[in-house]
Every structure is written in structure tokens, then in C-alpha cells.
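J.:
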Amino acid sequence: MTFKFGATVLFISFPFSTTLGQPPGRDGHTNLRWRGAGDCVVEFASTPCRTVRYHEYSFGRNLGFDRTTRSESVEAFDHAGDQSKTVARTSRRWWPLPQQTSKVTELVLRNGNQIVYIDHERKVYEAHQRGHNYPYWEDDDGQCSHTASHSSYLTGRLPNSVIAGVAVVGYHGRDFRGVDYEVYFAPSIGCQDMRFHMVQRGFFGWITDEYDMVVDSYVLGPPSPILFAIPGGYRQVPSILPLQAK
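Quick note: the sequence shown uses numbering that gives the first Met the number 0, first residue 0, plus one each step.
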């Protein structure tokens, strides 16, 4: 996802939904009310409190990535509706150039409608007063048919599998650009994405562009309060973007 400040864009993650869910009222479909395992529920959204860890890999300009990038992310949602997402990333634009690293946290604090961005490498943060839509989950069947229908390029089924200890159903397809997709959803946890893979091949079948997201762990229950805290000793700045550009 991206967040814009004036003419500058801060890239927190890749532009694919992973574990966030859908905005409220999408397509007029019924929102799921969580009744599964775990005694911690986001009260107004009726989704479970959770901590999700996943990794991503990408390269290729045709899919919107101008460098080879690897990242590890942690997302957390607590009972009050606060959200935390930390992304540790390494990237390299061209092979001869040095590798770049970053570690950034985005906090969405519902109390006060505040969004905070933390740059852990430079030990600075910025905070803004602004509203934020909270993701709801949509009701679906055991094959995640409704969720899959949001992506018109998903036209076939893959064998059922297990990812991070969770049973998943798979879909595949190809879009108008010739990009191939494999996506796995977890029916037991609101048909959340557990793997999202897209690949484009050249004339001889070689991979020219690729993106892969895989969930490593999906834990239901209250997340650690540390994930929602600004570390001590960090300095507040108007924007972390000028520092990231140096």
C-alpha cells in the first residue's frame, strides 16, 4: 500500500492485500462476524485479534518494481482496533550498486485517529491526525468463492494445501498482460490471503518479472503491546521522507 504526503509517496508495502481484509460494505456483501477460536476480538469490526508474519520477494519493472527486493513483515491488530505493521526490507536497484536497507513501522491508533510512521534505522518518527478506514472481513463459503471473484483473472482451481499450519484453497489464472497468478486463501480465518504469487515470462519462457508473498505464521489472540509502542529515545520529525532520501 502507499501513503501520499503532498507530491511524495511513502511506500510501506507492496500494492497487494495480504492480511488486512476488505473495506466495509464492499459490493454490499455481508461482513463476517468472527466466532472462531480465540477470546480477543476487534469489537466494532468483529474480526479476531491477530499477529501475522510474512515475507515478500519481487523484481521486474513490468509489475511495478524497479529493483530486486526482499522483505519480512509483521502485522498486528488488537481489540481496540489499533493496527501495527513493521516492514524490514533489503533492495538493490542494479547488481553493481550497493544494497539498501530499511525498517519502517506504520501505526494506526484508533484512539485520537492518529497515524504514526517510525523509521527504526534513523530512530525518528512522524505523527498525523487523520481518519482511517478499518478493514472488515466478508462472509464467504468453504472455497472462498466470493473472495476469489474479486480478482477476475482467477479462473481455475489449485489443489488444497497448508500454509503456516492453516488449511488453504488455491486459485490460478492469467491476466490480459500474460501475467500468471497463484493465490491461496484460508477459509477458517476469513479467507485471508496466505500466498500471492505472480510471474511474467519472456518469449523463451524465462522469468522477467515476479512477486511472491507467503505467510510464515498466523497467530490468533492479543498481540504484544511492544508492536504498538514508539521506542524510547526516538525523535519526532515533521516527515521521515527527507531522511529516507539521504
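From the three backbone atoms N, C-alpha and C, an ideal C-beta is built for every residue, glycine too.
Which stretch, first to last residue, makes up the beta strand (DSSP E) that contains A44?
T.: The continuous stretches of beta strand (DSSP E) do not include A44, and DSSP gives it neither H nor E.
J.: Comparing alpha-carbon positions, which option in G177, M197, F184, S57 lies nearest V214?
T.: F184
J.: To the nearest angstrom, how far is the alpha carbon of P23 from that of P134?
T.: Bear in mind that a pLDDT of 43 at P23, under 50, signals an unreliable position, so the number given afterwards is only what the model happens to contain. The alpha-carbon separation between P23 and P134 amounts to approximately 6 Å.
J.: Excluding five sequence neighbours on each side, which residues of the same chain lie with their C-beta closer than 6 Å to the C-beta of S150?
T.: none
J.: So, helix, strand or coil for F58, using DSSP?
T.: strand
J.: In whole angstroms, what separates the C-alpha of Q142 from that of H196?
T.: 19 Å
J.: For G189, which residues from the same chain have a beta carbon less than 6 Å from its beta carbon, with the 5 sequence-adjacent residues on both sides left out?
T.: Here the set comprises L31, W136.
J.: Check whether the Cβ atoms of T104 and H119 sit closer than 8 Å, and answer yes or no.
T.: yes
J.: Secondary structure at T29, three-state DSSP: helix, strand or coil?
T.: coil
J.: Since Q98 and T85 should fall inside the 8 Å C-beta cutoff, what is the C-beta to C-beta distance between them, to a whole number of angstroms?
T.: Q98 to T85, Cβ: 19 Å. No contact.
J.: Using DSSP bridges, identify the partner residues of Q82.
T.: Looking at the DSSP assignment, Q82 forms a beta bridge with F76, V107.
J.: If I follow the unbroken alpha helix (DSSP H) through S144, where does it start and stop?
T.: 144-148
J.: If you follow the beta strand (DSSP E) that V218 is part of, which residue opens it and which one closes it?
T.: 206-219
J.: Secondary structure at S70, three-state DSSP: helix, strand or coil?
T.: In this structure, DSSP gives S70 an extended state, which the three-state scheme calls strand.
J.: Taking the alpha-carbon positions, what's the R200 to G59 distance?
T.: 11 Å
J.: Helix, strand or coil: which one does DSSP assign to P186?
T.: DSSP, read as helix, strand or coil, puts P186 in helix.
J.: Contact defined as beta carbons within less than 8 Å: I believe Q128 pairs with N110. What is the distance between those atoms, to the nearest angstrom?
T.: Incorrect: roughly 12 Å between the Cβ atoms, too far for contact.
J.: How long is the line joining the alpha carbons of S16 and L96, rounded to whole angstroms?
T.: Only weak support is given to the placement of S16: the predicted model assigns it a pLDDT of 40, under 50, and the value that follows is read from those uncertain coordinates. About 30 Å.
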